[in-house]
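Trainee: Sharing a structure here in structure tokens format.
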Amino acid sequence: MNKIQKTIKRLAFYYLLIVLNALVCQLPDRRPFINISSFFLLALMTCLVLYYNYITARTGGLMVLMKALSWMAFLLILCRGLKYSVLPIDSTAARFAWYCFYIPLLLIPLFLFFISLLVSSKENQHIPKKWYLLLAVTIIFILLILTNDLHQLVFTFKPGFVGWDRPDGYSYNWVFYLSTAWQYGLYLAAILILLAKCRISVAREGLMIMSGQAAIGIWLIVITASSRMPRINGYALIQFPEAYVFMMVTVLECCLQLGLIPGNENYGRLFKVSSLAAQITDKKGRPVYISEAARPLSEEQFLATDRDRIDEHTVLRRMSVPGGYGFWQDDVTRLDRLNEELAEAAEQLSEEAALTRLKNELREKQAKIRQRILVYDAIASRTAAQSEAMSRLAAKARESEDTDMKEMIRRRITLPGAYIKRYANLMLIASESGHITGGELAISVAEVLRYLNYNGIPGEMVNTAENPVSSEAALATFEVFEYLLENNLPELSGVFVNLSDESGLGTAGGVNVKLTLENVRAVLPTSEKTKLAGRAVSWFLEYEDDVTYLGFTLPGIQETEALPDWLMVGSPVGTAKGGGSV
2 MNKIQKTIKR
12 LAFYYLLIVL
22 NALVCQLPDR
32 RPFINISSFF
42 LLALMTCLVL
52 YYNYITARTG
62 GLMVLMKALS
72 WMAFLLILCR
82 GLKYSVLPID
92 STAARFAWYC
102 FYIPLLLIPL
112 FLFFISLLVS
122 SKENQHIPKK
132 WYLLLAVTII
142 FILLILTNDL
152 HQLVFTFKPG
162 FVGWDRPDGY
172 SYNWVFYLST
182 AWQYGLYLAA
192 ILILLAKCRI
202 SVAREGLMIM
212 SGQAAIGIWL
222 IVITASSRMP
232 RINGYALIQF
242 PEAYVFMMVT
252 VLECCLQLGL
262 IPGNENYGRL
272 FKVSSLAAQI
282 TDKKGRPVYI
292 SEAARPLSEE
302 QFLATDRDRI
312 DEHTVLRRMS
322 VPGGYGFWQD
332 DVTRLDRLNE
342 ELAEAAEQLS
352 EEAALTRLKN
362 ELREKQAKIR
372 QRILVYDAIA
382 SRTAAQSEAM
392 SRLAAKARES
402 EDTDMKEMIR
412 RRITLPGAYI
422 KRYANLMLIA
432 SESGHITGGE
442 LAISVAEVLR
452 YLNYNGIPGE
462 MVNTAENPVS
472 SEAALATFEV
482 FEYLLENNLP
492 ELSGVFVNLS
502 DESGLGTAGG
512 VNVKLTLENV
522 RAVLPTSEKT
532 KLAGRAVSWF
542 LEYEDDVTYL
552 GFTLPGIQET
562 EALPDWLMVG
572 SPVGTAKGGG
582 SV
């Protein structure tokens, strides 16, 4: 059923009520029908109050005005009933009830005018303050009517209010005509505003219905106010209060049904035209409300859990509601597209991260290779003299025909070969750890002594040293040890080496190296002394007959040990100033 058809049916119901009221008013005003018309109209007004309380939205100025208007209609019928059916007809109380009759008569058109201002308004919560001036004027008219006994500017009575209740007992004064013009002016303005908003809003297809109903309402008010309403048995078919309320409620009903005034009905239609793909089902999955954008659910989908996918890009959401379930379908196409883009971006970042990791690993390997090259260059540079000596000995062996000479040279070559091997090993250890322990130095010395024994010169060693020492100090001491052996062959007749730890004060303990040499002619030239001093190695030298005693003290490792020069520039160890004592 569309809203035009529903509006016509609602108006037909109001016409049925007005016809029924006309029939009730024809009942004789005696028992058992006395005052039945008043009770019937009060019952209808009570239903109107309840209906407006239910149908209007729960917030906003429209709700307040609609409810207030229904209560004014109830007060209008109540005041008329009090005057004609309850109070003594010629009493002061009856006259005051008559005055009160004009309170709703003036407020109803004002409220209708305010409603017309708020209908289809984006700001329907409050009436603009400038229009409150109309309320002030209306209140002034009400006060003048309620105090008419004092000034009689509205109704003029005979002295002593004699016969005030008869048509010839009073006359209208200028305030009455002014208030009546004010009243009907508000009515006409409200109707015109509602018709204009109906024409430009979504309810424009109902313009003819509302225009016709407003015209019928005005016509009923005119003929009842001018006493031209047809009568049966002396009773008018429709009296002025009924016509007054009838015009008001039918116009407002048109606004409600056509959508000008938001109501608490038609939620099903609202749900259907909603852009949200949603539906409400009973416990068995039968749709009760379903929007046009929603797709019917299969049995499997009805039993699915929340957030299940019903197709590639649609997620089904569900929740329990009283009497059934609520379902809505979320289109996640954009979200899926974003997730795909994020996945692609993550994959690209992963590839870039892998490439960066490989680059870093390559740089690390290159750095290690460069460092190892520096070490090998330093080894080659520092052992160049020994390598040349081995080359010269090999060339001499090739030239000689003497077998004993070749054997002697073969044995002689093993000594610098052992030195080069152990020196290279010490430098590799230094490049990795930054220091050399007393034990590692002892192993190198022991291997050289083994080949010294192979050359027929006795050599022994005792080692108890384990302390780490400066790599440069250990290498410088090993170089001096090699110098002493190389430059005292073949006169050298024996070598004894003793390595032990030294405990230092304030620094880490170093290592003491003591040499005992027999038949030594070359001891320590200035170059070797300078080398030891530059590496902070202290030394002492003593002689006793043909025995030379030479001792070295290698410094321990400090908290911050600088890298050797040959790891940074690849050059052999330079010389530095220093000295020892004899």
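Per my numbering, residue 2 is the first one in the sequence shown, and the count goes up by one each step. Beta carbons are placed, not taken as given, at the ideal position from N, Cα and C, and that holds for glycine. Since the structure is predicted, the reported quantities are computational estimates derived from the model, not experimental observations.
Please state whether the Cβ-Cβ distance between Leu43 and Gly82 is less than 8 Å.
Mentor: Contact flag set, yes.
Trainee: How long is the line joining the alpha carbons of Asp91 and Leu261, rounded to whole angstroms?
Mentor: Each residue's Cα considered, the two are about 46 Å apart.
Trainee: Go ahead and label Tyr544 buried or exposed: buried means 16 or more other beta carbons lie within 10 angstroms of its beta carbon, across all protein chains shown.
Mentor: Result: exposed.
Trainee: Does the distance from the CB of Tyr15 to the CB of Phe247 come in under 8 Å?
Mentor: Yes, Cβ-Cβ distance for Tyr15 and Phe247 is below 8 Å.
Trainee: Would you mind giving the Cβ-Cβ distance between Val524 and Thr554, rounded to the nearest angstrom? I have them listed as a contact below 8 Å.
Mentor: Incorrect: roughly 17 Å between the Cβ atoms, too far for contact.
Trainee: Using the beta-carbon count (16 or more within 10 Å), is Pro110 buried or exposed?
Mentor: Buried, by the Cβ-count rule.
Trainee: Would you mind stating whether Gly598 and Gly495 have Cβ atoms separated by less than 8 Å?
Mentor: Any property of residue 598 remains undetermined from this structure, which presents the chain solely from 2 to 583.
Trainee: Note down, in chain order, each residue of its chain lying with its Cβ closer than 6 Å to the Cβ of Ala398, except the 5 sequence neighbours on either side.
Mentor: Within the same chain, Ala398 has close Cβ partners Lys407, Ile410.
Trainee: Indicate the three-state DSSP secondary structure (helix, strand or coil) for Gly325 in the structure shown.
Mentor: In this structure, Gly325 counts as strand in the three-state DSSP scheme.
Trainee: Who pairs with Asp337 in a beta bridge, going by DSSP?
Mentor: Answer by DSSP bridge pairing: none, since Asp337 is not bridged.
Trainee: Provide the residue span of the beta strand (DSSP E) that contains Lys159, from first to last.
Mentor: First-last for Lys159: undefined, no H or E at that position.
Trainee: Taking 8 Å as the cut-off, does the segment 472-487 touch the segment 531-539 (at least 3 CB pairs, one atom from each stretch)?
Mentor: Because the criterion of three Cβ pairs below 8 Å is met, the segment 531-539 and the segment 472-487 touch.
Trainee: Need the endpoints of the beta strand (DSSP E) that Ile222 sits in, please.
Mentor: Run containing Ile222: none in the beta strand (DSSP E); it sits in the alpha helix (DSSP H), 208-226.
Trainee: Anyone know if the C-beta pair for Tyr452 and Ala419 falls short of 8 Å?
Mentor: Contact flag set, yes.
Trainee: Can you tell me where the beta strand (DSSP E) with Lys515 in it begins and where it stops?
Mentor: From DSSP, the beta strand (DSSP E) with Lys515 extends over 512-519.
Trainee: Please classify Lys530 as buried or exposed, where buried requires at least 16 neighbouring CB atoms within 10 angstroms.
Mentor: It counts as buried.
Trainee: Taking Glu448 and Arg423 to be in contact with their CB atoms under 8 Å, please state how far apart those CB atoms are, rounded to whole angstroms.
Mentor: That belief holds up - the Cβ atoms of Glu448 and Arg423 are roughly 5 Å apart, short of 8 Å.
Trainee: Given this structure, state the Cα-to-Cα distance separating Ile1 from Leu63, to the nearest angstrom.
Mentor: Residue 1 is absent from the model: the chain starts at 2 and stops at 583.
Trainee: Ends of the beta strand (DSSP E) at Asn464?
Mentor: Asn464 -> beta strand (DSSP E) spans 460-464.
Trainee: Quick check on this structure: which residue in Lys198, Asn488, Asp547, Val514 has the alpha carbon closest to the alpha carbon of Pro526?
Mentor: Answer by Cα proximity: Asn488.
Trainee: Could you tell me the alpha carbon to alpha carbon distance between Ser388 and Leu551, rounded to whole angstroms?
Mentor: Cα-Cα distance, rounded: 27 Å.
Trainee: Roughly how many angstroms separate the alpha carbons of Val203 and Ala346, rounded to a whole number?
Mentor: Its pLDDT being 49, under 50, Val203 is placed unreliably in this model, and the coordinates cannot settle the point.
Trainee: Once DSSP output is grouped into helix, strand and coil, what is the label at Gly286?
Mentor: Coil at Gly286, not helix or strand.
Trainee: Can you tell me whether Cys101 is buried or exposed, with buried defined as 16 or more other CB within 10 angstroms of its CB?
Mentor: Cys101 comes out buried.
Trainee: Hey, how far is the Cα of Phe541 from the Cα of Leu375?
Mentor: Roughly 33 Å between the two C-alpha positions.
Trainee: Beta carbon of Val446, beta carbon of Met428: below 8 Å?
Mentor: Their beta carbons are not under 8 Å apart, which means Val446 does not touch Met428 by this criterion.
Trainee: As an exercise, report each continuous alpha helix (DSSP H) stretch of at least 4 residues that is fully enclosed by the segment 432-508, in chain order.
Mentor: The segment 432-508 contains these whole alpha helix (DSSP H) runs: 439-455, 472-487.
Trainee: Write down the C-beta distance between Ala191 and Leu66 rounded to the nearest angstrom, noting that I regard them as a contact closer than 8 Å.
Mentor: The pair is not a contact, with the Cβ atoms about 11 Å apart (cut-off 8 Å).
Trainee: How about Lys4 and Leu259: do their beta carbons lie closer than 8 Å?
Mentor: Yes; because the gap between Cβ atoms is below 8 Å, this pair is in contact.
Trainee: Evaluate Val322 with the Cβ neighbour count: other Cβ atoms within 10 Å of its Cβ, from every protein chain shown; 16 or more gives buried, anything less gives exposed.
Mentor: Its Cβ having fewer than 16 others within 10 Å, Val322 is exposed.
Trainee: Kindly indicate which three-state DSSP category Leu317 falls into: helix, strand or coil?
Mentor: Correct three-state label for Leu317: strand.
Trainee: On the DSSP letters alone, give me the boundaries of the beta strand (DSSP E) that Phe75 sits inside.
Mentor: Premise fails: Phe75 lies in the alpha helix (DSSP H), 62-82, not in any beta strand (DSSP E).
Trainee: To the nearest angstrom, how far is the alpha carbon of Ala237 from that of Met230?
Mentor: Spanning the two alpha carbons is a distance of roughly 6 Å.
Trainee: Can the beta-carbon of Ala244 be found less than 8 Å from the beta-carbon of Leu221?
Mentor: Taking 8 Å as the Cβ cut-off, Ala244 and Leu221 qualify as a contacting pair.
Trainee: Return helix, strand or coil for Tyr15, following the three-state DSSP convention.
Mentor: The answer is helix: DSSP assigns Tyr15 an H, G or I state.
Trainee: DSSP three-state call for Ile192: helix, strand or coil?
Mentor: The answer is helix: DSSP assigns Ile192 an H, G or I state.
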